[in-house]
Each structure stands twice: as C-alpha cells, then as structure tokens.
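Counting from 55, one number per residue, gives the positions in the sequence shown under the working numbering.
To start, the structure under review is shown below, and the notes come after it.
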Amino acid sequence: MSTHLYAFGSVCRGEIDRASDIDLLACLSKPQPEYNPEKFSIYSHARIQELWLEGNPFSWHLHLESKLIFSSDGADFLYDLGEPSRYIKSLEDCRKFSLLFLESYRALMQSNISSIFHLSCMFLATRNFATCYSLGKDKPIFSRLSPLQLEQKLSVAAEDFDIYTRARILSTRGYGSVMSGSEVERAKNIAPVIIDWMSELIPEGVVA
55 MSTHLYAFGS VCRGEIDRAS DIDLLACLSK PQPEYNPEKF SIYSHARIQE
105 LWLEGNPFSW HLHLESKLIF SSDGADFLYD LGEPSRYIKS LEDCRKFSLL
155 FLESYRALMQ SNISSIFHLS CMFLATRNFA TCYSLGKDKP IFSRLSPLQL
205 EQKLSVAAED FDIYTRARIL STRGYGSVMS GSEVERAKNI APVIIDWMSE
255 LIPEGVVA
C-alpha cells in the first residue's frame, strides 16, 4: 500500500490572501479511512491515471501546480506519470460552463432569496470557463482570477469581479463579510458583460 500527499493550487502559485486555504491531495493505492475528505481531495491511483489519460483539466492542474509533501515509498507518483494527454474538450466544457452561468443568472434575476448561491455558481462558471479556454489554447491559467488574466480578458474591474469571488468563498467556506444588496445589484449589472465575453470567445456556444 502506498500513499502520496500533495499541496496544490493557490499555495503553489504563491497566490495567498486572507481567503486562501491550502488544497491537499491524497493519492492512495488503497482506501484509507483515516484521511478526512473535508481536509483532503482523495483519489485512488487508478482514478488519477484515468484523469491523466483523459487529459482532464484537473490532471493538468496537478501536473503544473502541485508539490509532493509526503511519499510512503519515496516515489513521486504524479511526476512519474509524466505529462497528461492533450486536453481536447475545451469547446465542450466552455459551452457547459457558459450554460451554467446563464442558468444561474436567470435564477438570480428571478429571486434574491439564494443570491449568494447563484453568484457563487456564476463565479465558478466564469472561472472554469476561462481555465478551460486557456488550457485549450495551451496557455493554462488556473488562478481564480483567470478571467482577468487571459489574453482576451474579461473587461470587468477587479473590484467588481471580486463580488463574485467573495460570494463563492461565502457559499463554500462561510468566510467573509455579508454581501450588501447594492453589491448583489452590481453583480447583476455586470453579468451581461460576462455573457457577451463568453459569446465572443465561443460564438458557436450556447450562451444567448
């Protein structure tokens, strides 16, 4: 039985702020119940190998932005896998995330009752759209600010995009200040700009 633990994500990019946490990955040859899924992203060696063969964005994320912190057998499991297969689902995934954004935006416009959740989904869709687009162009950006870092970047002020980012952190971690009604309205007003940007990058996509 072998165990390989990694840090990955923002800490490996040096992208640290008060809202940052440390993403931890446990790669296990066999199930080990002592690893808490609330603290670790837990994957079997076999599943990681499947992701590598698929060229899944997460495999590229780990390949480019992970650091080994423990190995039970002295090996670096991810390093030894080499480079993942080429990512070929950029357009398909961008369409999926553009649809998620549009559905969440429509739900938000209908009611403010779950506004933080809908804004969180809109952030997830926007960030993942940008990440999948950049990876498809062989210029991967995994930062949560990826929409603002593309060559064809989203034309939204950083402080405005931060409304979506804060909603994501509030929704997933319960961390941060309460979002004001005016901020929610500002996010609503920005959404059409994001929709247009997605449509420009994938004009044959589902965004309308």
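Cβ atoms here follow ideal geometry from the backbone N, Cα and C, with glycine treated the same way.
Fair warning: this is a prediction, and the values are worked out from it, not measured in the lab.
- Collapsing the DSSP output to three states places ALA161 in a helix.
- Of the candidates GLY128, LEU153, SER152 and HIS117, the residue whose Cα lies closest to the Cα of ARG140 is HIS117.
- Under a 10 Å Cβ-count criterion, PHE215 is classified as buried, with 16 or more other Cβ atoms of the shown protein chains found around its own Cβ.
- In this structure VAL210 is buried. Its beta-carbon is surrounded by 16 or more other beta-carbon atoms within 10 angstroms.
- Within a 10 Å sphere around the beta-carbon of ARG220 sit 16 or more other beta-carbons, which makes this residue buried.
- ASN243 counts as exposed, since fewer than 16 other C-beta atoms from the protein chains shown sit within 10 angstroms of its C-beta.
- VAL232 and LEU224 have their C-alpha atoms spaced approximately 8 Å apart.
- Burial is judged here by how many other beta carbons sit within 10 angstroms of a residue's own beta carbon; ARG101 has fewer than 16 and is exposed.
- Counted as a single uninterrupted DSSP element, the alpha helix (DSSP H) harbouring LYS242 occupies residues 235-255.
- LYS150 carries a helical assignment under DSSP once its states are collapsed to helix, strand and coil.
- In this structure, THR226 sits near SER174, with a CB-CB distance shorter than 8 Å.
- For ASP214, the three-state secondary structure derived from DSSP is helix.
- Here the alpha carbons of PHE112 and ARG181 stand approximately 14 Å from one another.
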